[in-house]
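Data block below; observations after.
Numbering (our numbering), first residue to last: 17 to 164.
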């Protein structure tokens, strides 16, 4: 069995920066004193746009959704942490550590995907685990081997 996808969901940054709430336990989050926040965001947008175009140039269907300024979701460019999509039409929603990362879960994104013909049969919602301080930030924590 060959594993392949022809589509990708990408969240375009609009207020990308270090996330103060996740910096407490994420090694990769750090303040860039040499860059203004606006500069960081512009660079993130440029990198995002170039990557989306590169994917399109090789035939990947890139679905772009803009992030939000309000609510403030500084690292919402990583939707794989809050959602995963499965061949049988299941969509899993994952419990997130940071309060502002929880705001990344957007029903309008799922509606858009459904409007674009993606099969959404069942929402498997694990987010109630947040109430017990249990977190699993989606496919950022998983390697899905659909062959085995």
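Idealized CB from N, CA, C, for every residue including glycine. For clarity, every value in this text was computed on a predicted model and none was experimentally measured.
If we count the other Cβ atoms within 10 Å of its Cβ and call it buried at 16 or more, is residue i buried or exposed?
i: residue 108; result: buried
i: residue 51; result: exposed
i: residue 120; result: buried
i: residue 62; result: exposed
i: residue 230; result: Because the chain is modelled from 17 through 164, residue 230 falls outside the range shown and cannot be assessed.
i: residue 89; result: buried
i: residue 38; result: buried
Which of the three DSSP states, helix, strand or coil, is assigned to residue i?
i: residue 66; result: helix
i: residue 17; result: Because residue 17 sits at a pLDDT of 39, beneath the cut-off of 50, its placement in the model cannot be relied upon, and the point is left open.
i: residue 46; result: coil
i: residue 74; result: coil
i: residue 139; result: strand
i: residue 100; result: strand
i: residue 89; result: coil
i: residue 132; result: coil
i: residue 37; result: coil
i: residue 121; result: coil
i: residue 111; result: coil
i: residue 51; result: coil
i: residue 126; result: helix
Please confirm if residue i has its CB atom under 8 Å from at least one CB of chain B.
i: residue 91; result: Reference to chain B is not applicable here, since this structure consists of a single protein chain.
From the DSSP output, read off the bridge partner residues of residue i.
i: residue 23; result: 77
i: residue 106; result: 138
i: residue 28; result: 82
Comparing C-alpha positions only, which one of the options sits nearest to residue i?
i: residue 94; options: 55, 110, 141; result: 110
i: residue 143; options: 134, 124, 99, 126; result: 99
i: residue 135; options: 125, 106, 73; result: 106
i: residue 59; options: 76, 32, 39; result: 32
i: residue 87; options: 71, 38, 116; result: 116
i: residue 80; options: 155, 46, 152, 65; result: 65
i: residue 24; options: 37, 129, 89, 36; result: 129
i: residue 92; options: 75, 41, 112; result: 112
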